[in-house]
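Visitor: Residue numbers for the sequence shown follow the working numbering, so the first one is 1017 and each next one is one higher.
Just so you know, even glycine gets a beta-carbon here, dropped at the ideal spot from N, CA and C.
Model, not experiment: these values are computed from the prediction.
Below is one structure. I have some questions about it.
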Amino acid sequence: MTDPTSFAVPTLKVMRLQKPDLDTPTAGTLNSNTCLLGTALCLPNSFGVIHVGETFTAYLGALNTHQTLNVRQLTVTAQLQTPSQRWQLASQLDPGNATGGVEVAPNAGVDCIVSHHLEEAGQHILRVEVSYLNQGTVQSLRKFYRFQVSQPLQLLSNVVRLSDQCCFVTITLEHDRDRPSMTISSLELEPATGMTATPVKKRQPTTVINGVTSTATTTTTTTTTGVQLYDSSGRLELGDTRNYLFQVTATVTEHGSTKGIAAGDELGRAVVTWRKACGEMGRMASTSILCPALTNVLVPDPRNTEPVWSPDFVVHTKGGSCLSVDVASMAASRAANPVAYRNSNNNPHALDILLPITVEPIQPPETAQLGTPFAVTFLLVNHSDHYRTLQLQFPSDQMKGLIVCGPSFVNLQEELAGGGGSIRIEVRFMAITAGLLKLQGCHVVDLATGQSIPQPPLFHMFVPASPPDE
């Protein structure tokens, strides 16, 4: 007669579930005529290669191998320890665990499948615990399975600022490690809030006939070569690199205006999706891609107290002024967090300290005729936190090839409010020298304090040596 106080001890089985990889049979391998595909597949040893972005799936089984005794109050739980936190893995055995466990008959068992999406690289630990009742006390059995999770790809980004409303982002995929090849399904740039990302693709060739531009189309059947088909498949072998180009623009608000893209603003993140040999999908995202700060704005010279602007830098570009947007963003951050920015006053080259007032030309002319006056409208913005009475100056001794028609200074008719107050002023110039000219030497003077704020070069323009033929 069976002793009612006797109980069986369960046996724990754990196995990772994954599909095989492609393999090349070695010379001398015996092939089976019944399954030709079997020689091209290879099952991994242990837990195999696991990548960030894949879903880790494991089979858990608790077996009662005893011939006559039951396993009482059996519970099975699993946890996954990542480099940063611990995750409780849900399974179909959770209802039984919540009621105090289940009873397993002889030669029977319970099993389940657990899974978790991997988002971190580094060592992971799968912790499986089985508890059961043995002679009136709860006993437990724990097993730990360690495995490494690696980055399948290197995601690199490079940002080029085109204007204050647009950036070009290049995403580079590098497959430079000893890991199986993979097929890239897609790479997208998920834009941040307030941004729009558009992939830049190869343009169709165009032709111009009698002033009419048309896109070349053809109905001729073309033959795709094997190399072209392979290149378009997304296959990424060891050492391969792929580049993707996106255009990121600031979204126009319902009021028809945009904030602009300033240095440090989040542009988005790259998300790549790939598939392995038997169709398993992986998905990995990059860190946030930020708009870079302007470079080569100043020439570092500790001997000069005034800023020395780079000869290659001008305020106005084809799409707008990145400098004004950066200064406005830094000034707003300083006003919102004065304590955090208190030490930045020690940095004389901080843009919002150098340029509490910015001068931006609005659609200046690209060309002008020698000796013919032309008008330029300037936008003055007060980034400081107080009202200012200002004067705009263009000293003739600091200008080259251009002169002001009339007085070299213009007084603002009213005080300019702080915190982004702006005003437009029109000034007339005339070119006295032919060639590629640069409007420079602009100063803004605070009439109340006498502070002079030198501005960087404002824009380029071309002046031909002779007037165009009529």
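When you compare the stretch 1324-1337 with the stretch 1385-1393, are there three or more beta-carbon pairs, one atom per stretch, that lie closer than 8 angstroms?
Guide: No: the two stretches stay apart, fewer than three of their Cβ pairs being nearer than 8 angstroms.
Visitor: Between the Cα of VAL1092 and the Cα atoms of ASN1123, ILE1129 and THR1071, which residue gives the shortest distance?
Guide: Measuring from the Cα of VAL1092, the nearest candidate turns out to be ILE1129.
Visitor: Roughly how many angstroms separate the alpha carbons of SER1173 and GLU1430, rounded to a whole number?
Guide: Using only the alpha carbons, I get a separation of about 46 angstroms.
Visitor: Can you grab the Cα-Cα spacing for the pair ASN1150 / LEU1090, in whole Å?
Guide: About 10 angstroms.
Visitor: Going by C-alpha to C-alpha distance, which of VAL1176, HIS1067 and ILE1373 sits closest to GLN1034?
Guide: Considering only alpha carbons, the answer is HIS1067.
Visitor: Alpha carbon to alpha carbon, how far is ILE1448 from ALA1481?
Guide: Roughly 10 angstroms separates the two Cα atoms.
Visitor: Just to check my reading of the structure: LEU1028 and LEU1157 have Cβ atoms closer than 8 angstroms, yes? What is that Cβ distance to the nearest angstrom?
Guide: 6 angstroms between Cβ atoms; contact.
Visitor: Cβ atoms of ALA1094 and ARG1032: under 9 angstroms apart, would you say?
Guide: No; because the gap between Cβ atoms is not below 9 angstroms, this pair is not in contact.
Visitor: Just to confirm my understanding: we take ALA1024, look at its own chain, exclude 5 residues before and 5 after, and list those with CB closer than 6 angstroms. What are they?
Guide: Answer for ALA1024: ASN1080, HIS1082, LEU1085 and VAL1087, listed in chain order.
Visitor: Secondary structure at CYS1338, three-state DSSP: helix, strand or coil?
Guide: Correct three-state label for CYS1338: helix.
Visitor: Distance, Cα to Cα, CYS1458 vs ARG1404?
Guide: Answer to the nearest angstrom: the Cα atoms are 18 angstroms apart.
Visitor: Along the chain, where does the beta strand (DSSP E) that runs through ILE1419 open and close?
Guide: First-last of the beta strand (DSSP E) with ILE1419: 1418-1420.
Visitor: What's the C-alpha gap between ALA1114 and ASN1123?
Guide: Each residue's Cα considered, the two are about 24 angstroms apart.
Visitor: Which residue or residues does DSSP assign as beta-bridge partners of LEU1258?
Guide: With the sequence shown as reference, residue 1258 is identified as Arg, and Leu is not the correct amino acid for it. Its beta-bridge partners are LEU1189.
Visitor: Provide the residue span of the beta strand (DSSP E) that contains LEU1079, from first to last.
Guide: 1071-1080 is the extent of the beta strand (DSSP E) around LEU1079.
Visitor: Per DSSP, what kind of secondary structure is ASP1462 in: helix, strand or coil?
Guide: Strand, per DSSP.
Visitor: Check each candidate in VAL1287, SER1340, GLU1382 and VAL1315 and name the one with the smallest Cα separation from GLY1451.
Guide: Answer by Cα proximity: GLU1382.
Visitor: Report the rounded CA-to-CA distance for LEU1455 versus PRO1473, giving the unit in angstroms.
Guide: About 6 angstroms.
Visitor: Taking the alpha-carbon of VAL1324 as reference, which of GLU1136, TYR1260, GLY1125 and GLN1471 has the nearest alpha-carbon?
Guide: The option with the nearest alpha carbon to VAL1324 is GLN1471.
Visitor: Using only alpha-carbon positions, find the residue among VAL1065, ARG1291 and ALA1137 that is nearest to SER1201.
Guide: SER1201 has its Cα closest to that of ARG1291, out of VAL1065, ARG1291 and ALA1137.
Visitor: Is the CB-CB distance between THR1199 and LEU1252 below 9 angstroms?
Guide: Cβ distance < 9 angstroms, so THR1199 and LEU1252 count as in contact.
Visitor: Give me, in chain order, the residues of the same chain whose beta-carbon lies closer than 6 angstroms to that of ASP1281; leave out the 5 immediate sequence neighbours on both sides.
Guide: Within the same chain, ASP1281 has close Cβ partners CYS1307.
Visitor: Quick one: what's got a C-beta closer than 6 angstroms to MET1415's C-beta in the same chain, skipping five residues either side?
Guide: Here the set comprises GLY1457.
Visitor: Kindly indicate which three-state DSSP category GLN1407 falls into: helix, strand or coil?
Guide: GLN1407: strand per DSSP, three-state reduction.
Visitor: Ignore the nearest five residues each way along the sequence and tell me which others in GLY1116's own chain have a CB closer than 7 angstroms to its CB.
Guide: Cβ within range, chain order: GLN1089.
Visitor: Starting from ASP1127 and walking both ways along the beta strand (DSSP E), at which residues does that stretch end?
Guide: Counting along the chain, the beta strand (DSSP E) containing ASP1127 begins and ends at 1124-1133.
Visitor: Taking PRO1099 and GLN1139 to be in contact with their CB atoms under 8 angstroms, please state how far apart those CB atoms are, rounded to whole angstroms.
Guide: Correct: roughly 7 angstroms between the Cβ atoms.
Visitor: Inspect the beta-carbon positions of PHE1072 and LEU1134 and report whether they are closer than 9 angstroms.
Guide: Cβ distance < 9 angstroms, so PHE1072 and LEU1134 count as in contact.
Visitor: Can you look up MET1017 in the DSSP assignment and give me helix, strand or coil?
Guide: Its pLDDT being 43, under 50, MET1017 is placed unreliably in this model, and the coordinates cannot settle the point.
Visitor: So who's on the other strand from VAL1144, going by DSSP bridges?
Guide: In the DSSP output, where bridge partners are listed per residue, VAL1144 has ALA1094 and LYS1159.
Visitor: What residues match up with GLU1204 in a beta bridge as DSSP calls it?
Guide: According to DSSP, which records beta bridges pairwise, GLU1204 is partnered with VAL1287.
Visitor: Whose C-beta lies closer than 6 angstroms to the C-beta of ILE1469 among residues of the same chain, with five residues either side of it excluded?
Guide: Answer for ILE1469: ILE1373 and VAL1460, listed in chain order.
Visitor: Give me the Cα-Cα distance between ARG1102 and TYR1161, rounded to the nearest whole angstrom.
Guide: Going from the Cα of ARG1102 to the Cα of TYR1161 covers about 14 angstroms.
Visitor: Report the residue from ILE1141, ALA1137 and ALA1352 whose alpha carbon sits nearest the alpha carbon of LEU1105.
Guide: Per the Cα distances, ILE1141.
Visitor: Of the choices PHE1425, MET1477 and ARG1143, whose alpha-carbon is the least far from that of ASP1462?
Guide: Looking at the Cα atoms, PHE1425 is the closest of the given residues.
Visitor: For MET1031, which of helix, strand or coil comes out of DSSP?
Guide: Looking at MET1031 - three-state DSSP - the assignment turns out to be strand.
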